[in-house]
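Colleague: The sequence shown begins at 2 in the numbering used here and counts up by one.
Even for Gly, the Cβ is constructed at its ideal location relative to N, Cα and C.
One structure is given below, represented as structure tokens, and several questions about it will come after.
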Amino acid sequence: MKKITYRTEQDSLGKVKVPKNALYGAQTQRAIENFKISADVFPPEFIEALASIKAACAMANSKSKLLSIRKAKTIFSSAMDIHKNIEKYYEQFPIDIYQTGSGTSTNMNMNEVLSNIVSKKIKINVHPNDDINKSQSSNDVIPTTINISSVLLALDLNDALDYLTMRLIEKEFETKDIIKSGRTHLMDAVPLSFGYELEVWREQVVHCNQPLLQSAEELQYLPIGGTAIGTGLNAPKSFGKSVCSELNKIYIKTGAKFTSNPNKSEMISSQGHILTMSSSLLRIASCLIKISNDLRWMNSGPISGLSEITLKPLQPGSSIMPGKINPVIPEAVLMAMTQVSGYHNAINAACVSGNFQLNTMLPLIAFNIIGSFNLLINSVYSIADTIDTFKLNEDNIKANL
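Structure, rendered in structure tokens:
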């Protein structure tokens, strides 16, 4: 095992040994040592968004003549390098999700990493607090990062839902003339076309998408510039607007348009807006559960079940019955959607934990909302491909009818 060598750094509490090659500093090292609760860290999407905020803040500070152009541009380019090449830097952000409730440790982690990189580039001392974190507080930076991450992932999820909608339209057309037995209470009911059954799924997907996009609109209002409690102490009056202007340049290709929230305390003291987003994700999860269960029932058999469709065989289904083929993708999606439900319950509990001017469960909220997005995006594509490739068993459908 390679021996780790250390350097000594100092913060307001004293001296700390930090791994010699680490880009972070004393406060990050203290957090690593203090928070040993899980193996969970902030996901890459969060770190990418956080880096983009630091880039935008540097340019906003330069406009307000609080940072030299040289410092600001070097902070900007260094932060954008992290933003665009997260795989190169990700190991520099090792702090446990279960940390201080404002996410201060992770904000300082980014500040220290950038301070180290920028100081080496321009060969003068660039301070993590006084320069990188100028006109900011963890209390406005971390909620802003949650918003940006969620907006970008919502756009990705919207693309996935559009893809699923198109696959359903194609399958509807393919199966529109096949008449089958309807079912209520899992019992035979009046007939309908297979295409109409799929059209119903499609409409459910389309209507799930609407609250998602509405929530994403709200999240494009950002609390950055509110600093500690939303009042903007230690930041120029125009700082929030200036940061949003810079962010819109960074994210111009996404279609997102970020705006400074007129009442920044709203999104610092409460995370109700994230609860709304999580609720929209829960609705999508519910829709995918319904479709997955219908697919499993339709595929059941092949002899003693409904056997209306045959899902594409993907792998042997049993260690004892190797000829058996199971509906593995719908089952995987059902588990993923159950996890989304768990994430939502945790987000709900965390969102009601705001006291006075700050919610102090921000890391948990960030981790869970991003986790929900990623499970949903991947599950939507998986279900779309499952629908695209299943085959109708027309003889069984006719016999049942």
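#1: Measuring CA to CA, which of LEU14, HIS128, ASN379 and LYS21 is closest to LYS4?
#2: Let's see if you can read the secondary structure: which residues bound the alpha helix (DSSP H) around THR277?
#3: So, is SER279 buried or exposed, given that buried needs 16 or more other C-beta atoms within 10 angstroms?
#4: Could you spell out the range, first to last residue, of the beta strand (DSSP E) harbouring VAL19?
#5: Could you check whether the Cβ of PRO317 sits closer than 8 Å to any heavy atom belonging to the ligand FMN?
#6: What three-state label does DSSP hand THR176 in the structure shown?
#7: What would DSSP say about ASP12, mapped onto helix, strand or coil?
#8: Determine whether the beta carbon atoms of LEU276 and ILE348 lie at a separation below 9 Å.
#9: Ends of the alpha helix (DSSP H) at LEU51?
#10: For the candidate residues ASP131, LEU214 and GLN205, whose alpha-carbon lies nearest to that of LEU165?
#11: If we count the other Cβ atoms within 10 Å of its Cβ and call it buried at 16 or more, is LYS250 buried or exposed?
#12: Identify which residue in LEU282, ALA367 and ASN264 has its Cα closest to the Cα of VAL381.
#13: Output the distance between the C-alpha atoms of GLY343 and ARG284, rounded to the nearest integer angstrom.
#14: Just to confirm before moving on: does the CB-CB distance between VAL127 and TYR90 stay below 9 Å?
#15: Does DSSP put ASP41 in a helix, a strand or coil?
#16: Quick one: is LEU402 buried, meaning 16 or more other Cβ sit within 10 Å of its Cβ, or exposed?
#17: Looking at the unbroken alpha helix (DSSP H) that takes in VAL114, where does it start and where does it end?
#18: Could you tell me whether the stretch 163-180 touches the stretch 131-139, using the rule of 3 or more Cβ pairs below 8 Å?
#19: Note down, in chain order, each residue of its chain lying with its Cβ closer than 7 Å to the Cβ of LEU377, except the 5 sequence neighbours on either side.
#20: Which residues bound the alpha helix (DSSP H) around PRO192?
#21: Please report the straight-line C-alpha distance between PRO212 and GLU218, rounded to a whole angstrom.
#22: Note down the Cα distance separating ALA40 from ASP97, rounded to an integer number of angstroms.
#23: With DSSP collapsed to three states, give me the class of LYS250.
#24: Which value, in whole angstroms, describes the spacing of the CA atoms of GLU267 and CYS209?
#25: Just mark THR6 as buried or exposed, buried being the case when its beta carbon has 16 or more other beta carbons within 10 Å.
#26: Would you say the stretch 21-40 touches the stretch 95-110, given that touching needs at least three Cβ pairs under 8 Å?
#27: Should PRO323 be labelled buried (16 or more other beta-carbon atoms within 10 Å of its own) or exposed?
#28: Thinking C-beta only, is ILE304 closer than 9 Å to PRO317?
#29: According to the neighbour-count rule (16 or more other Cβ atoms, all chains shown, within 10 Å of its Cβ), is GLY241 buried or exposed?
#30: Does any residue of chain C bring its CB to less than 9 Å from the CB of THR260?
#31: In three-state DSSP terms, what is THR145?
#32: Out of VAL142, SER79 and ASP131, state which residue places its alpha-carbon closest to the alpha-carbon of LYS121.
Modeller: On the basis of the data shown:
#1: LYS21
#2: Here the alpha helix (DSSP H) through THR277 covers 273-300.
#3: SER279 should be labelled buried.
#4: 15-20
#5: This structure does not include the ligand FMN; it has no bound ligands of any sort.
#6: helix
#7: strand
#8: yes
#9: 45-64
#10: Comparing Cα positions, the closest option is GLN205.
#11: Exposed.
#12: LEU282
#13: 13 Å
#14: no
#15: coil
#16: exposed
#17: 105-123
#18: Fewer than three pairs of CB atoms, one per stretch, sit closer than 8 Å, so the stretch 163-180 makes no contact with the stretch 131-139.
#19: LEU158, LEU282, ILE285, ALA286 and VAL341
#20: That residue, PRO192, is in no alpha helix (DSSP H); its beta strand (DSSP E) goes 188-194.
#21: 10 Å
#22: 7 Å
#23: LYS250 falls in the helix class under three-state DSSP.
#24: 26 Å
#25: exposed
#26: yes
#27: Classification for PRO323: exposed.
#28: Not closer than 9 Å, so no.
#29: buried
#30: The displayed structure is made up of one protein chain only, and chain C is not part of it.
#31: helix
#32: SER79
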